[in-house]
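Only one structure is covered here, and it is reproduced in the block below.
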Amino acid sequence: MSRETSRRGRRPVGALQRREARTAYLFVLPQVIGLVVFIGVPLVASLGYSFTHWDLIAPEPTLVGLDNWRALLEDPRIPAVLWNTVRFILLGTTSFLLFSMIAALVTFTPRRFVGLYRAVVFLPYVLSQIAVGVVWRWMFNTESGPITTALEAVGIPSPDWLLDPATAMLSIAIMTTWQGIGYGLTLFIAGLQGVPTPVIEAARIDGANAFQRFVRITLPLISPTVLFLTVTSLIGALQLFDPVVAMTSSGAGVAAAGGPDNSTRTIVLYMYNQLFNLNEAKSGLGYAAAIAWMLALLTFVITAVQFAIARRTVYYEGQDAGVPRLRRARKERTAR
Amino acid sequence: MTAYAEAVAADARADLDRPLLAPPRRTGTRRLPGTVAYHGLMIVVVALYILPVVWAFSMSLRTNANMFDADQLIPHPVTFEHYENLFRILPDFWRYFLNTSVIAVTGTLGTLVSSSLAGYAMARFRFAGRNVLLVLLLLTLMVPGQATLIPQYVWFRDLGWLNTPLPIIVPMLFGSAFASFFFRQFFLTLPRELEAAAAIDGAGPWRTFVQIIAPNSGPAFLALGLLTFVQLWNSFFVNSVYLTTQDSWVLTQALQSMVGRYNSQYGEIMAGVTLVSLPVIIGYLIFQRWIVRGIALSGLAN
Chain A
7 MSRETSRRGR RPVGALQRRE ARTAYLFVLP QVIGLVVFIG VPLVASLGYS
57 FTHWDLIAPE PTLVGLDNWR ALLEDPRIPA VLWNTVRFIL LGTTSFLLFS
107 MIAALVTFTP RRFVGLYRAV VFLPYVLSQI AVGVVWRWMF NTESGPITTA
157 LEAVGIPSPD WLLDPATAML SIAIMTTWQG IGYGLTLFIA GLQGVPTPVI
207 EAARIDGANA FQRFVRITLP LISPTVLFLT VTSLIGALQL FDPVVAMTSS
257 GAGVAAAGGP DNSTRTIVLY MYNQLFNLNE AKSGLGYAAA IAWMLALLTF
307 VITAVQFAIA RRTVYYEGQD AGVPRLRRAR KERTAR
Chain B
2 MTAYAEAVAA DARADLDRPL LAPPRRTGTR RLPGTVAYHG LMIVVVALYI
52 LPVVWAFSMS LRTNANMFDA DQLIPHPVTF EHYENLFRIL PDFWRYFLNT
102 SVIAVTGTLG TLVSSSLAGY AMARFRFAGR NVLLVLLLLT LMVPGQATLI
152 PQYVWFRDLG WLNTPLPIIV PMLFGSAFAS FFFRQFFLTL PRELEAAAAI
202 DGAGPWRTFV QIIAPNSGPA FLALGLLTFV QLWNSFFVNS VYLTTQDSWV
252 LTQALQSMVG RYNSQYGEIM AGVTLVSLPV IIGYLIFQRW IVRGIALSGL
302 AN
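Written out as structure tokens, the structure is:
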């Protein structure tokens, strides 16, 4: 009987409903204030600052119109940092997604110790990127680091890793992949648990081999997880900062990171240096704001493109695109 | 709480306590070569994950003469000189520890309170603007923190808050979009009977939330709390913007400062890595199940 009264449309309308709404507004008030004060207003204000020049020393910013945006288009360092980000996506984000998927498929089948294997691979995810970066900086050390030592022991000439502009970003990508697989693996396993085994079994009986079963059945069924991980890992890749600082800074801290030869300087690192006028010719808070907004626009466009592709390729069971699995779980529970 | 509410809650809990990543029962028999290959591969993978961690810890206990010897995985002789040196190089180390703890604890508590309230309202109450709020929260997940950082930096500077934990803590007190969405998804899975039972008891919405809903949502609070805490404990970028004087630093900044200045002193650097990581590693060993559950649940946003 209690379920009946809580059903939509059965509630008394009027005063009681207004009271419910009033309570609701009080509940969401802190989050709404946070949304407005710490996201909405600053996002607009940031755009405002991008039309000004300010070194943070003068009392007021001076309006310079589109100067910063024009400079953004002419600055040869912008294509350079964008290219560095693209290289990180190609090396790091791709391998993160690929290896997470492989790790999930390999450890999905129940076997002895599988829980332990997953737990070990997940461990680095809870560690600081600075701490992990510092350790991997040692791993890639070309004089006495374990990777170089191991490669030379088996007769393979070791690259110069973080010292060579050609391999520095690869080194960072290896580190972030190593650290991130446990996270990707966990989400893929959660996705795989939603795949009904009878469907796979039916395909097996119909003669589909393991590869066909994966591509035709498993992959479409876990496509929401693929989409989620692709979207979030790309957003993260565009904001790459901490690992670069931990692995490439020398002497003067954050300002000197991004080497060798600026081959690992990312969008956020460049913005940071502009904000604090560190070692940059064209500087200032206004220009940093323009870079930050360029980053936001890039993120919006890339995410929108992914959702547009997803509209045609991602499969949601029952087309319940919002919260399919949880809602289904609830239905099952109330049906009991 | 009535017996009925108790029973409903127990039912809900039983479902939530099912270990999410625990392997299901083993089925059938397997061929031996496959099993050997599988575990052989896994041992290599485990070594790839354990060795760097153990190696770093081991280096922090080696003498400088033995620092680069391959047979020093278990250091002999063991020395604590690098830890002593670390506290000489960074005499305020415990202060950074305290600064980091203050930010991580208050930030986590603030987020839990504000976001659980918002998440509950979005899951259960009907009010004008509910869907708008939900969409805005989801859109917020796309906004890079850097794009909102600069004006906040100017405000906090004008307030005289630079080099205090306030610029990091205060925004967290108003919840985070991710956390609110996470709580909404979680509360949707709770049975409506909980509220119905509370209504029979005559509880209003606030009492229902505090006395019935929150106590029965332990897993969600724990999972999200741990995730937020770890994130704050490990964060570097935002701290490096707001905390520039040395006595306001957090641990990650202190560690980073050593890399620049004491590049060749691996013993001291690895001692720093060990001390910064140890609290999270211990926490992970205790709460592993809940952290992993939090991650898995967060993926359900898709």
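So the protein sequences, as listed, match chains A and B.
Adding 6 to a residue's 1-based position in the first sequence gives its number in the numbering used here.
Adding 1 to a residue's 1-based position in the second sequence gives its number in the numbering used here.
Where is the CB? At the ideal position from N, CA and C, for every residue including glycine.
Item	Value
E26(A) touches chain B at which residues, Cβ-Cβ below 8 Å?	F126, R127, F128 and P206
Starting from the Cα of V54(B), find the closest Cα among L298(B), M123(B), L276(B) and V293(B) and give me that residue.	L276(B)
Inspect the beta-carbon positions of N90(A) and M175(A) and report whether they are closer than 8 Å.	yes
Does DSSP put L69(A) in a helix, a strand or coil?	strand
Give the list of continuous beta strand (DSSP E) stretches no shorter than 3 residues that lie fully inside the segment 111-166 of chain B.	none
Look up G29(B) in the DSSP assignment and say whether it is helix, strand or coil.	Residue placement at G29(B) is flagged as unreliable, the pLDDT there being 49, under the threshold of 50; the coordinate-derived value follows with that caveat. Coil at G29(B), not helix or strand.
Determine, using beta-carbon pairs with one atom in the segment 162-179 of chain B and one in the segment 100-118 of chain B, whether at least three such pairs fall under 8 Å.	yes
Within the same chain, show all residues whose beta-carbon is closer than 6 Å to that of L64(B), passing over the 5 residues directly before and after it, in chain order.	Note on residue identity: the sequence assigns Thr, not Leu, to residue 64(B). Closer than 6 Å at Cβ, skipping near neighbours: T80.
Please work out which residues of its chain come closer than 7 Å, Cβ to Cβ, to T236(A), disregarding the five sequence neighbours upstream and downstream, and give them in chain order.	L103 and Q312
By the criterion of Cβ-Cβ separation under 7 Å, what are the contact partners of G203(B) in chain A?	Chain A residues near G203(B): none, gap ~14 Å exceeds 7 Å.
When DSSP labels each residue in this structure, what does T58(A) get in the three-state scheme?	strand
When the Cα atoms are used, what is the spatial distance from I228(A) to G46(A)?	34 Å
On the criterion of 16 or more Cβ atoms from any shown chain inside 10 Å, does D248(A) qualify as buried, or is it exposed?	buried
At which residues does the alpha helix (DSSP H) containing M175(A) begin and terminate?	A174 to L198
Look at the alpha carbon of T36(B) and the alpha carbon of P152(A), and state the distance between them as a whole number of angstroms.	30 Å
Taking the alpha helix (DSSP H) that T305(A) falls in, what are its first and last residues?	L291 to T319
Under 8 Å between the Cβ atoms of S241(B) and V140(A)?	no
At a Cβ threshold of 8 Å, is T246(B) touching chain A?	no
If you measure from the beta carbon of A305(B) to each beta carbon in chain A, is any gap under 8 Å?	Because chain B spans 2 through 303 in this model, residue 305(B) falls outside it and cannot be assessed.
To the nearest angstrom, how far is the alpha carbon of A48(B) from that of L157(A)?	16 Å
Applying a beta-carbon distance threshold of less than 7 Å, which residues of chain A neighbour V364(B)?	Chain B is shown from 2 up to 303; residue 364(B) falls before or after that span and cannot be answered.
So the candidates are I297(A), R317(A) and Y321(A); which of them puts its Cα closest to the Cα of L88(A)?	I297(A)
Would you report the Cα separation of R294(B) and R143(A), rounded to the nearest angstrom?	31 Å
Within 8 Å of any Cβ in chain A, is that where the Cβ of G29(B) sits?	Here the model assigns G29(B) a pLDDT of 49, short of 50, so the residue's position is not dependable and the matter cannot be decided.
Residues in the segment 236-252 of chain A with C-beta within 9 Å of chain B's C-beta atoms, listed in sequence order?	V237, T238, I241, L244, Q245, F247, D248, V251 and A252
Alpha carbon to alpha carbon, how far is Q186(B) from M259(B)? Give it in angstroms, no decimals.	42 Å
Could you tell me whether any Cβ in chain A is nearer than 8 Å to the Cβ of Q212(B)?	no
Which value, in whole angstroms, describes the spacing of the CA atoms of R136(A) and E194(B)?	For the sequence presented, residue 136(A) should be read as Ile rather than Arg. Distance between the alpha carbons of I136(A) and E194(B) is about 46 Å.
Taking C-alpha atoms, which residue in T154(A), T173(A) and W299(A) lies nearest to G265(A)?	T173(A)
Here's the rule: buried if 16 or more other CB atoms are within 10 angstroms of the residue's CB, otherwise exposed. What is D81(A)?	buried
If A209(A) and F128(B) are in contact, beta carbons under 8 Å, what's the gap, nearest whole angstrom?	That belief does not hold up - the Cβ atoms of A209(A) and F128(B) are roughly 46 Å apart, past 8 Å.
Please classify A66(B) as buried or exposed, where buried requires at least 16 other C-beta atoms within 10 Å of its C-beta.	exposed
At a CB distance below 7 Å, what residues from the segment 299-326 of chain A approach chain B? Give them in sequence order.	W299, L301, A302, T305, F306 and T309
Could you give the distance in angstroms between the alpha-carbon of L223(B) and the alpha-carbon of P192(B)?	20 Å
Taking buried to mean at least 16 other C-beta atoms within 10 Å of its own C-beta, is Q37(A) buried or exposed?	buried
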